[in-house]
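Protein chains in written order, with this note's numbering: chain A, 719 to 1004; chain B, 7 to 158; chain C, 13 to 758.
This report refers to the structure that appears directly beneath it.
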Amino acid sequence: MTPPFQYKIPKNLQEACDLLWDYRERAKVIAGGTDLIIALRNGLLRPEFLIDITNIAELRKIEEKDGAISIGGAVTHSEIASSPIINTYGRILSEAASQIGSPQIRNIGTIGGNIVNASPAADTIPPLMVLEEMGRVVSKEGEKEVPLGSLFRGPYESALLPHEILVSLSFKKLPFPMKDSFIRLTRREGMAIARMSIAVLLQGEGNRMKEVRISIGAITPTPQRMKEAESILKNQAFDLERVRIASKKISSEMVLRSGVRPSTSYKSPVVEALVMRAIQQAFEKI
Amino acid sequence: MEITLKFILNKKPVEVGVPPHWTLLRLLREKLGLTGTKEGCGIGECGACTVLLDGMPVNSCLILAPKVEGRRVETVEGLGSRESLHPLQKSFVENGAVQCGFCTPGMLMSAKALLEKNPKPTREEIKEAISGNLCRCTGYQQIMEAIEAVGK
Amino acid sequence: MKKIGVNVLKLDALEKVLGASKYGGDYSFTDLLHLKVVRSNRPHAKIIKVELEEALKVKGVERIFTANDIPGRNLVGIIQKDQPVLNLDRVRYVGDPIALIAARSIEAAEEASQKVNVIYEELPPIFSPEEALQPFAPLIHEKGNLLIEFNIIKGDIQKGFKEAEVIVEKTYTTTWVDHAYLEPDGGIAFWDENGRLTIICPTQNVHYDQREVASFLGLPLEEVRIIQASTGGAFGGRLDITIQCFLALAAFHLKKPVKIVYSREEVFQVISKRHPLKIHYRSGAREDGTLTAVEVDILGDTGAYASYGTTVAIRAAVHATGPYEVPHVKVRSRMAYTNNPWSGAMRGFGVPQIAFAHESQMDLLAQTLKMDPIEIRKKNALRVGSETATSQTLIASVGIGETLERIKEWRDKVSCLKEDPERPYVRRGIGIGSMWYGIGNTGIANPSTARIELNPRGEVKLYIGVADIGQGSDIVLLQIASESLGTELGEIQLIRADTSLTPDAGATSASRQTYITGNAILRAIKNLKEEVIKEASHLLNENEGDLFIEDGEVKHRQKLCLAIPLQEVAIRAKKTIRGEGIFNPETTRLDPDTGQGIPYATYAFATHLAEVEVDIDTGRVKVLRVIACHDVGKVIHPKNVIGQIIGGVAMGVGFALMEEYIPGQTVSFVNYLVPTSKDVPEVIPILVEDNEPSGPFGAKGVGEPALIPSAPAILNAIADAIGERIYHLPANLERVLEAAQKSKQR
């Protein structure tokens, strides 16, 4: 049963920032609310105020400007999945967005919520990481542009302060020809939480991988780019043995960051196999 | 402490007082007497509470009441009447798509949203559209056939 | 036959598509009190003290009940009455009820429930049946931790194994499975205008509920009325008492209408589960595949309370051989109490678990003998004249051979490419699973009574106590009545599942209602017709012997123009004409030492073929298609039967691949996964109608059989795909990957 609170619907960013500045820890920002309402229902949160940011125009837009694509924090997964702009410039993100939860969840859940909730299994995050998204964070104190990775403190723990709003995310248009692969492993097909999700972006030049970006969801406490594996592959000719070495690097990185857990004996070989598969799939598209 | 909400419910304007922490599901069932929309899990994992918000299927258990201000809500009660069933309702009855019936209202709403966007969906598109609606009785096949039959 | 074997519209479907059908939680009163149960958070403990003071201070709280407020017997249970409704001095699992709060709002009830302070003294908990049966193990119930041991001894097991040329011996395990019916339990109770304590709730058996509630309150039976609400699925989970006694207790004392609705989390925590079974299985066969011996040891975890544990132990044992003739059989089947969640009835009563074992064994034998898995099954399949493991000679309607034959035709058509050149990590396989299932309760009386009447207003009323839980028994039973009476379906009013109006039909379980209540209806109609003839002879001044009934009319053997509708007879006679019928299937009690006897009057049979695709890098299994061939006897309502089969396959997919209730971890649908529309395979149902002479128009049953062969077929298909077998359900990602890796290493 959801505990009582007051509900505020600011009409612009200024108003939202003012409210959050005043209420601080007593308030929670609500966008789609798909995670927040569950936390309220289960008694994990008891805010006095909810600040609904979904009526703020800036947070609801997908825009192409100055060679970058910007996505408002309150844009829903459905909107991302069906956006022609995202489909053109960040296909891997629309692919991931189209697989989240259920159609019902995608219609209300937002990209900003996915990030602020900081679930290690959030489906949009690995694609956002390989797209090298920047987050625009606004508060009464001002505005800052930060790399996506710095918005996470730990599993289910955002680095945003209570009075800050994630207004938008943006990424530079990818240099042509970037190829992608997104693989999501789940226990069931529908309404599933990712057991792991792999996002790979590749830029090829003949048989060479000019640029390689890899990020993997649900294997590390916070989202990471797999830099060491990337550097093994970058500027190298495509070669299965090399890809295998890079994949192994990723599984050892997983153990390094998450420790050995009961799930490790399953996840290690699987992450290796799926990274290989994703890189191969992306490479074959070149 | 209640707030006053105005929205369009099943094509008719309503004005109703509701505590802001109530979900749309609770508002529909407890205040507006529309018990056709069901609560199966309360956390958006079963789809029994699916209603249409501005034509989109959503889990009404995950929508706080203040969010529907000024918007359009459709529930199973607005779909058709005993005298004049919606084609989907008729097709569900005729195709054996109803067993225990608890998923049926939500399933119908998901199907309605699909057909409005895509009047002749493929089997795969139907599967996707109802993938957020659990059914424990039918195994979904007769439900998909019923939706397909309306699309034809 | 005009009404049998045809698809007529389900009676309840219209109300359900309109959203007008009322489930327990949909009922309301203006001055309603809301109930909330306070539950144990310890698996095993003594209750030292229950402190209510703080909870009683919560605004809106009307009263808090404990076991001391129970006027009658504070123990319920279908077979052994060992489960307190509210626990006074002891809790046996996490979720055991301790107190019941009644408040004017749900919020107040919830708040108060968090303020009840229970002081416990921990007792050592037991979490496995092996532990429970150790000498000197702490006792969960005074009578001991062994709920039941049941044995089947047929022939000479040693001789059987001596005759065997191959022996396969393996251990199989299954886990807890939740019914996951979509409607969380909810209902209301109030005193009706006739001074009866009335409960409207989801249930599979109103008359059982009535007996339990009456004894719990110390009221005469007739002062308790149970009405079945529209029931959002059940699958066995609503055979036990769920919310009934809580509603009863509060309404009894408060004299006000009360309502309770469980959250999904509460349903997961406190409703019975499918029994986890550990099955040690040894089969022997000759070189030609003929089974010579089967020896099985079954140990199950019934959890904190008995519920249907005894039934599951016995039914699993009786079905342990599978649908095959085996001359020498020895089965030991035991259930032990633990401090785990209590297990109870779930679609199949232990047979889905044992079928996983016997079907794996059949494939292993076939593999060892280099035989076709279908041929080895056909060779051993029961047929008319066969003797079962309990030495019952089957006299008719044994369609297992036919189902195998039909599946073989399909199998021979299915060309399964093991590998996929596009996806080198994919392996495909096909698998067969067969089953048999005894209709009705095992070796005990399970009668049903039906009543039909014609009244002077010209109405025809059929009274049955059957709870339709969505499967469609209402329409099937009406079809039977309508066919037998010769009237149109629409002419018969159905009065159902209300203890104050309808006779006792027993439970909607064991796939029994079509067969048993169907027969009771036929007998009621036969008796009604006799009464009608008597009345008509009186009214018309004709000899009874000259009159007969055909197509719903009384006719005369000589006077051909005489034809009076049955209803007309009651109108003219100005009285209500009644017929009552009782049917109890012919069974015998099983011998307590050897388990021999006739447990069921008839059996359903089925074979499924599953086609699967396995990702050997991740362990992900996709079931592509299931061909499901069922001998259900005569089909009364094809769409209903097919609906049962397809729904059963979906549940079988869950049982095979993903469903696993982990005590203490599983909380909601987030971590208890049931198949979605994207997880179910295409199902091609095939109906074999091997008529059962004792069934109504030849019908048997299908509810549980629908589920049973799917998981075995899927598991056999996985083994076919990856070349390694999985012995533990569910075959989740981890287990499949492990098996695939083992296979690669070979």
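Positions of the beta carbon are idealized from the N, C-alpha and C atoms, including for glycine.
How would you label A:A786, buried or exposed, when you count the other beta carbons within 10 angstroms and need 16 or more for buried? exposed
DSSP state of A:K952, grouped into three classes? coil
Less than 6 Å between C-beta atoms, sequence neighbours within five positions excluded: which residues of the same chain meet that for A:W739? K858, H881
Is it true that the CB of C:L259 sits closer than 7 Å to the CB of C:A201? yes
Can you list, in chain order, the residues of its chain whose CB lies under 7 Å from that of A:P721, leaving out five sequence neighbours each side? L758, R764
Run through the DSSP bridge pairs and tell me what C:N352 is partnered with. Answer is none; C:N352 lacks a bridge partner.
Could you tell me whether the Cβ atoms of C:A793 and C:G441 are closer together than 7 Å? Because chain C in this structure spans residues 13 to 758, residue 793 of chain C falls outside the shown range and cannot be described.
Between the CA atoms of C:G362 and A:S983 - distance to the nearest angstrom: 32 Å
For B:E51, return the contacting residues in chain A, with the cut-off set at a CB-CB distance below 8 Å. M909
Name the residue from C:P577, C:T529, C:K14, C:G518 whose alpha carbon lies nearest to the alpha carbon of C:I545. C:P577
Please list the partners that C:E704 has in chain A, where partner means a Cβ-to-Cβ separation under 8 Å. None at all; the shortest Cβ gap to chain A is about 38 Å.
Pick from C:G17, C:A332, C:T405, C:I388 that is closest to C:Y449, judged by C-alpha positions: C:A332
Name the residues in the segment 742-756 of chain A whose C-beta lies less than 7 Å from a C-beta of chain C; which are they? none
Starting from the Cα of C:V218, find the closest Cα among C:V478, C:V686, C:V20, C:N86 and give me that residue. C:V478
Roughly how far, in whole angstroms, is the beta-carbon of B:Q5 from the beta-carbon of B:C143, given that I think they are within contact range, below 8 Å? No answer is possible for residue 5 of chain B: it lies beyond the span of chain B, which begins at 7 and ends at 158.
Could you tell me whether any Cβ in chain A is nearer than 7 Å to the Cβ of B:G138? yes
Between the segment 981-1001 of chain A and chain C, which residues of the former have a C-beta closer than 9 Å to a C-beta of the latter? S981, S983, Y984, P987, V988, E990, A991, L992, M994, R995
So if I threshold CB-CB distances at 8 Å, which residues from the segment 723-734 of chain A count as touching chain B? F723, Q724, Y725, I727
Where does A:D898 sit, in a helix, a strand or coil, going by DSSP? strand
Euclidean distance between Cα positions of C:E681 and A:Q954: Note that residue 681 of chain C corresponds to Phe in the displayed sequence, not to Glu. Their backbone Cα atoms lie some 46 Å apart in a straight line.
Taking three-plus beta-carbon pairs below 8 Å as touching, is the segment 134-145 of chain C in contact with the segment 46-63 of chain C? yes
Roughly how far, in whole angstroms, is the beta-carbon of C:K290 from the beta-carbon of C:Y739, given that I think they are within contact range, below 8 Å? No, C:K290 and C:Y739 are not in contact; Cβ-Cβ is about 10 Å, not under 8 Å.
Taking only runs of the alpha helix (DSSP H) that begin and end inside the segment 152-198 of chain C, which ones reach a length of at least 4 residues, in chain order? 169-175
What ranges does the beta strand (DSSP E) occupy inside the segment 18-74 of chain C, keeping only unbroken runs of at least 3 residues that lie completely in it? 45-51, 57-63
Secondary structure, beta strand (DSSP E): runs of 3+ residues fully inside the segment 316-401 of chain C: 340-349
Cβ atoms of C:A522 and C:G593: under 7 Å apart, would you say? no
Please determine, among C:T461, C:A457, C:T520, C:D516, the residue with the shortest C-alpha to C-alpha distance to C:S485. C:T520
Proximity test, Cβ basis, 7 Å: B:V82 and chain C: yes
Shortest alpha-carbon distance to A:R975 belongs to which of A:A814, A:I798, A:E875, A:Q942? A:Q942
Would you decide whether C:I60 is buried or exposed? Buried here means 16 or more other CB atoms lie within 10 Å of its CB. exposed
Is the beta carbon of A:P844 sitting closer than 7 Å to the one on A:M852? no
Sufficient close CB pairs (3 or more, under 8 Å) joining the segment 581-588 of chain C to the segment 530-538 of chain C: no
Which residues in chain C sit within 7 Å of B:V104, going by Cβ to Cβ distance? K22, A25, K28, V29
Judging by CA-CA distance, which residue of C:A725, C:L745, C:Q753 is the nearest neighbour of C:G735? C:Q753
Using a Cβ cut-off of 7 Å (strictly closer), state whether B:C143 contacts chain C. yes
List in chain order: all unbroken alpha helix (DSSP H) runs of 4+ residues lying wholly within the segment 239-311 of chain C. 256-266, 276-282
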